[in-house]
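> Numbering (UniProt numbering), first residue to last: 1 to 208.
1) First and last residue of the beta strand (DSSP E) that includes residue 195?
2) For residue 116, which option in 154, 59, 23 has the closest C-alpha, if you only look at C-alpha atoms?
3) Do residue 30 and residue 10 come within 8 angstroms of each other at the CB atom, strictly closer than that value?
4) Among 183, 161, 8, which has the Cα closest to the Cα of residue 52?
5) Which of helix, strand or coil does DSSP assign to residue 101?
6) Since residue 126 and residue 97 are thought to touch, with beta carbons under 8 angstroms apart, how far apart are those beta carbons, to the nearest angstrom?
7) What do you get for residue 210, buried or exposed, if any count of 16 or more other CB atoms within 10 angstroms of its CB means buried?
8) Is residue 36 closer than 8 angstroms to residue 64 when the C-beta atoms are compared?
9) Three-state secondary structure (DSSP) at residue 205?
10) What did DSSP end up calling residue 64 once you bin it into helix, strand or coil?
11) Check each candidate in 34, 1, 93 and name the one with the smallest Cα separation from residue 14.
12) With H, G and I counted as helix, E and B as strand and the rest as coil, what does DSSP make of residue 136?
13) Would residue 78 pass as a contact of residue 59 if the rule is Cβ separation under 8 angstroms?
14) Given residue 25, which residues of its chain have a CB within under 6 angstroms of its CB, disregarding the five upstream and five downstream residues?
15) For residue 200, does the count of other Cβ atoms within 10 angstroms reach 16, so buried, or fall short, so exposed?
16) Which residue comes first and which comes last in the beta strand (DSSP E) that contains residue 86?
17) DSSP has residue 12 in a bridge; who is on the other side?
18) Would you kindly work out how many angstroms separate the C-alpha atoms of residue 73 and residue 195, rounded to a whole number?
19) What did DSSP end up calling residue 175 once you bin it into helix, strand or coil?
20) Name the two residues that bound the continuous beta strand (DSSP E) containing residue 45.
21) To the nearest angstrom, how far is the alpha carbon of residue 38 from that of residue 107?
22) Given a cut-off of 8 angstroms on the beta-carbon distance, is the pair residue 16 and residue 1 in contact?
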């Protein structure tokens with residue numbers, strides 16, 4: 001199927017193969033992309049998807065730049081060799097999608113549902129995870145410098161051997177996350193110590 005219009009609303013693309021080498025600046029609102037195959041697309045740029053359903057969609061090998069996916073569903077979607085660069089994913093749900101297979105470069109992932117996702121030895125620097133649900137996520141040996149985790153939910157979340165220096169952790173449920181062998185900066189260490197000691201710790205106690 002070819003995309004020939006600049007905008008689509010409540011359109012059913014379910015089980016279609018999207019035939020295009022490039023998809024640019026198209027707007028989709030409340031569209032159905034269940035089981036849709038995007039793998040013929042090389043580059044997707046500047047597109048907006050709002051309240052769309054990508055359940056079981058195939059986005060394999062697509063380079064997606066500066067796109068917005070607002071309150072979309074990606075349940076069981078496939079992201080093998082997908083690149084997501086500077087995308088806005090606000091409020092989207094990735095239940096059972098394998099986001100760890102994608103290359104994620106920057107972007108705003110605020111209020112996303114990323115429960116039980118696993119990332120291993122990948123670069124996740126400068127990503128905004130504000131208010132995201134990271135319950136039971138595993139970030140193993142990842143680079144996560146300059147990220148924003150403010151108000152994110154981190155129940156049983158692991159950052160094993162990841163580098164989180166210069167990332168913000170304000171209003172982050174630190175005590176429910178695991179920072180085993182995680183690289184942290186001094187400010188983060190002080191913040192964690194304050195949580196653990198319920199505010200009885202002061203920076204003056206840091207051993208130099």
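C-beta atoms are modelled at their ideal positions from N, C-alpha and C, and glycine is treated no differently.
If you're wondering where the values come from, they're calculated on a predicted model, not measured in any experiment.
Taking the definition as stated:
1) Taken as a continuous stretch (DSSP letters only), residue 195 belongs to no beta strand (DSSP E), being part of the alpha helix (DSSP H) at 186 to 196.
2) Selected option, being the one with the closest Cα: 154.
3) The answer is yes: Cβ separation under 8 angstroms.
4) Closest option to residue 52, Cα to Cα, is 8.
5) In the structure shown, residue 101 sits in a helix (DSSP, three-state: H, G or I).
6) Not quite, the Cβ-Cβ distance comes to about 22 angstroms (not below 8 angstroms), so this is no contact.
7) The question about residue 210 has no answer here: the residues shown for the chain are numbered 1 through 208.
8) Result no, Cβ atoms of residue 64 and residue 36 do not sit closer than 8 angstroms.
9) With a pLDDT of 49 at residue 205, under the threshold of 50, the modelled position of this residue cannot be trusted; read the value that follows with caution. The DSSP-derived three-state label of residue 205 is helix.
10) In the three-state reduction of the DSSP assignment, residue 64 falls in the strand class, which pools E and B.
11) The shortest Cα separation from residue 14 among 34, 1, 93 belongs to 34.
12) Of the three classes helix, strand and coil, the one that applies to residue 136 here is coil, per DSSP.
13) Their beta carbons are under 8 angstroms apart, which means residue 78 touches residue 59 by this criterion.
14) 46.
15) In this predicted model, residue 200 has a pLDDT of only 49, less than 50, meaning its place in the structure is not dependable enough to derive any value.
16) Unbroken run through residue 86: none, as it is neither H nor E.
17) As computed with DSSP, residue 12 is found in a beta bridge with 32.
18) The alpha-carbon atoms of residue 73 and residue 195 are separated by roughly 34 angstroms.
19) In the three-state reduction of the DSSP assignment, residue 175 falls in the helix class, which pools H, G and I.
20) First-last of the beta strand (DSSP E) with residue 45: 43 to 45.
21) Straight-line spacing of the CA atoms in residue 38 and residue 107 works out to 21 angstroms.
22) Yes, these two residues count as a Cβ contact at 8 angstroms.
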